[in-house]
Amino acid sequence: MARVNRAFRVALAVPMGLVLAACGSDAPTRPEATARVAPTVVAPSPPPAAPPVGDPVARAREVARAMSDEDLAGQVLMPYAYGAAADQVDAAAAAGNQRLAGVNTPAELVTKFRLGGLILVGFAPDDPTGATNPATNVDSPQQVRALTDGLQAAAGRLPGGAPLLVGTDQEFGVVTRIRTGATQLPSAMAFGAAGKPALTEAAWHAAGRELAAMGVNVDFAPVADTLGAAGSSVIGSRSYGSDPAANGRQVRAAVRGLQAAGVSAALKHFPGHGHTTGDSHNGLPVVKGDWEKQDRPPFDAGIDAGAGLVMSGHLDVQALDKGVAATFSRKVMTDVLRGRMKFAGVAVTDAMNMAPAMKWPAGEAAVRALNAGNDLLLMPPDIAGARDGIVAGLRGGSLKRARLVEAATRVLTLRFRKAGKAQPPLTAVDSADHHAAVAAADAASITILKGSCSGPLVTGPVTVTASGDRDTARTVLVEALQQAGVPVQAAGGTVVHLVGYGDKRTDLSPGAAVTVAMDTPQLLGAARSPTLVATYSSSKLSLTALAAVIAGKAKAPGRSPVAVPGLPRTACKA
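Numbering (our numbering), first residue to last: 19 to 592.
Laid out in structure tokens, this is it:
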């Protein structure tokens with residue numbers, strides 16, 4: 019893929035790829051009404067122009083050059099929509115789409131604005147980006163496939179006939195959109211703990227095949243952020259760890275796995291969100307330090323591996339352009355990303371309905387982001403306002419047509435590269451071979467930071483407890499322990515206690531013999547249990563791997579990819 023990217027650099031100033039964000043900013047809305055709403059009447063599209071034969075770059079150039087101002091503006095927009103189907107939605111979803119874009123259905127949104135892409139979102143309360151995803155488009159793999167088929171049918175009727183970019187935030191771990199019916203990878207930090215890029219690539223290839231089978235062709239992953247000593251509450255286990263070089267090896271592997279399966283990877287959050295404790299959903303975090311050494315390496319690795327997209331972060335990276343959010347900085351998005359790092363793909367903004375992008379009206383923010391060097395605008399808060407602002411910028415001179423044509427050409431190049439690709443069958447989703455590939459990575463990630471490294475971790479009957487609302491994880495571990503031959507009872511046994519994302523303390527079960535961290539492991543530094551274990555994830559396959567270690571049927575070969583106060587990276591010597 020690196021060679022493909024270099025070839026595109028010769029063929030086009032900046033061709034293939036694109037980058038997207040991961041969050042919106044409205045309050046969660048839950049459709050309750052069930053009455054079906056018929057689609058609004060939309061004027062028929064003109065017949066699709068026959069794209070020129072040849073490579074995707076040439077086709078994209080020809081189509082973009084012939085587009086009207088309004089159609090060019092639509093190419094660089096990637097909003098979300100309400101509704102779990104393309105053409106039929108309930109009354110609440112229709113009302114949401116009317117507020118958002120003046121249409122009833124997602125398909126009408128694609129048609130009305132001649133969109134380059136659409137992002138599928140999902141609300142979950144235990145997700146650091148959950149409050150910024152007001153709609154839920156995903157339920158089951160079958161539903162997602164039907165939705166994406168409908169969206170592609172709508173896109174196919176537009177001039178040019180290029181496949182629509184359909185993206186989602188399937189990072190796995192705490193940020194996972196499709197949670198049921200699909201193979202669940204562990205968090206990025208678990209892969210960092212395993213430290214085996216070959217396992218990472220195999221697992222992400224499995225994930226890519228499943229996304230492709232569901233009709234998702236862009237994944238806003240992997241996270242290429244490197245964690246600083248203070249960590250980052252919004253990034254946390256979404257990062258592979260604190261070592262930039264090791265993270266680079268993991269990012270490269272994830273990109274290769276995804277893209278070999280036909281899904282474009284999007285590196286985020288450029289130039290790096292891990293060395294700040296701020297949250298760019300709510301304000302403009304400041305990133306200090308040596309960017310070249312602490313944040314750049316994983317992005318270089320992902321670009322070299324051929325990532326199709328890079329997502330710009332709403333970040334004040336003081337080493338690059340002090341006081342200016344990277345999304346709106348030409349120094350960052352053009353001089354650094356294009357010039358110094360030679361990225362030839364699509365640059366996509368983080369969500370334009372996050373606080374740092376909302377300081378201007380939607381149209382002005384869109385023009386500023388495009389002028390900085392972004393090619394795709396993710397989740398604009400006012401779709402018509404963004405489009406109309408872009409058109410007004412063209413006609414008023416604040417946005418050069420050549421810049422918009424360049425951006426649209428990059429988006430169309432990526433879209434045309436999706437044409438004619440064989441789509442895996444839905445039977446590939448949640449398949450046994452994918453489980454095996456992911457289970458191998460889970461088994462390699464389990465880390466003992468304190469306690470014995472041989473034999474069972476406990477003897478006699480076990481009682482599993484959990485802090486917070488973690489009944490699902492507790493039940494999964496109970497079943498996995500029973501399958502591993504460990505007797506489990508509701509009370510009175512040796513306590514194995516689970517902690518996870520959002521927990522602030524570990525002493526909710528002070529008598530626990532084993533405390534398990536299912537997210538970042540730093541909480542273990544204050545735990546009193548004689549045995550401390552990190553899984554970095556609460557997925558079924560992660561907890562199954564944990565059960566094997568507790569039962570003494572497997573070793574714990576992982577090594578924490580972040581420092582934990584008072585504890586070694588692992589208590590087990592190789």
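Each residue gets a CB set at the ideal place from its N, CA and C atoms; glycine is no exception.
DSSP three-state assignment for residue i, whether helix, strand or coil
i       : result
Ile-646 : Outside the shown range of the chain, which is 19 to 592, sits residue 646, and nothing can be said about it.
His-293 : coil
Asp-313 : coil
Leu-165 : helix
Ala-458 : helix
Thr-588 : coil
Thr-8   : Look at the range of the chain in this structure, 19 to 592, and you will see that residue 8 is not part of it.
Thr-623 : The chain is shown only over 19 to 592; residue 623 falls outside these bounds and no answer can be derived.
Val-335 : strand
Val-236 : strand
Val-128 : helix
Val-423 : helix
Val-305 : strand
Thr-354 : Checking the displayed sequence, the identity of residue 354 turns out to be Val instead of Thr. Residue state, collapsed to three classes: helix.
Val-582 : strand
Asp-87  : helix
Gly-576 : coil
Ala-544 : helix
Gly-18  : The displayed coordinates of the chain run from 19 to 592. Any statement about residue 18 would go beyond what the structure contains.
Leu-412 : helix
Arg-175 : coil
Span of the alpha helix (DSSP H) around residue i
i       : result
His-223 : 215-231
Val-94  : Unbroken run through Val-94: none, as it is neither H nor E.
Met-611 : Residue 611 lies beyond the range of the chain shown here (19 to 592); nothing can be said about it.
Ala-109 : 109-119
Ala-380 : 380-390
Val-269 : 262-278
Leu-499 : 489-501
Val-81  : 74-83
Met-207 : 206-212
Endpoints, beta strand (DSSP E) assigned at residue i
i       : result
Leu-602 : The structure shown has nothing for residue 602, since the chain only spans 19 to 592.
Thr-533 : 532-535
Gln-188 : 188-190
Val-447 : First-last for Val-447: undefined, no H or E at that position.
Thr-562 : Thr-562 -> not in any beta strand (DSSP E); alpha helix (DSSP H) instead, spanning 558-568.
Ala-437 : It is not in any beta strand (DSSP E) - Ala-437 carries neither H nor E in the DSSP assignment.
Min CB distance residue i to chain C below 7 Å
i       : result
Ala-142 : Protein chain content of the structure displayed is limited to a single chain, and chain C is not contained in it.
Per DSSP, the bridge partner or partners of residue i
i       : result
Lys-286 : Val-241
Leu-183 : Gly-135
Thr-367 : Ser-330
Thr-345 : Thr-345 is not bridged to any residue.
Leu-516 : Ala-484, Val-534
Leu-396 : Met-96
Val-551 : Ile-466, Val-534
Val-506 : Val-480
Val-429 : Paired residues: none, contrary to the question.
Own chain, CB closer than 7 Å to residue i, minus 5 neighbours either side, in chain order
i       : result
Ser-560 : Pro-204, Ala-208, Asp-460, Thr-553
Val-121 : Thr-58, Asn-115, Leu-127, Lys-130
Gln-628 : Coverage of the chain is limited to positions 19 through 592, which leaves residue 628 absent and any answer about it impossible.
Neighbourhood of residue i by C-beta distance below 6 Å, restricted to the same chain and skipping five residues each side
i       : result
Val-517 : Ser-485, Thr-524, Ala-535, Leu-541
Ala-458 : Leu-217
Gly-280 : Ala-230, Lys-439
Ala-225 : Leu-203
Lys-573 : none
Ile-253 : Asp-243, His-291, Gly-292
Asp-44  : Reliability of the predicted coordinates at Asp-44 is poor, the pLDDT of 31 falling under 50, and the value obtained from them is presented with this limitation in mind. Cβ within range, chain order: Pro-152.
Lys-436 : Pro-181, Asn-235
8 Å Cβ shell around residue i - same chain, five flanking residues per side excluded
i       : result
Gly-478 : Pro-505, Gly-511, Thr-512
Arg-492 : Val-482, Thr-483, Ala-484, Leu-516
Q | Validate contact between the segment 227-238 and the segment 457-469 using beta carbons, cut 8 Å, 3 pairs | A | no
| said: Between the segment 532-545 and the segment 440-451, can you find at least three pairs of beta-carbon atoms closer than 8 Å? | reply: no
| query | Is the segment 256-268 touching the segment 333-344 in the sense that three or more CB pairs, one from each, lie closer than 8 Å? | reply | No, the segment 333-344 is not in contact with the segment 256-268.
Practice prompt. Could you tell me whether the segment 399-408 touches the segment 471-488, where touching means 3 or more Cβ pairs closer than 8 Å?
Written response: no
For the segment 165-179 and the segment 113-128, state whether three or more C-beta atom pairs, one from each stretch, are separated by less than 8 Å.
Flag = yes, the segment 165-179 and the segment 113-128 touch.
* To do: Check whether the segment 385-394 touches the segment 341-353, counting contact only when three or more Cβ pairs, one atom from each stretch, lie closer than 8 Å.
  => yes
### Query
Are there three or more Cβ pairs, one per stretch, closer than 8 Å when the segment 73-91 is compared with the segment 420-437?
yes
- Any 3 or more C-beta pairs closer than 8 Å across the segment 414-421 and the segment 187-202: The segment 414-421 vs the segment 187-202: no contact.
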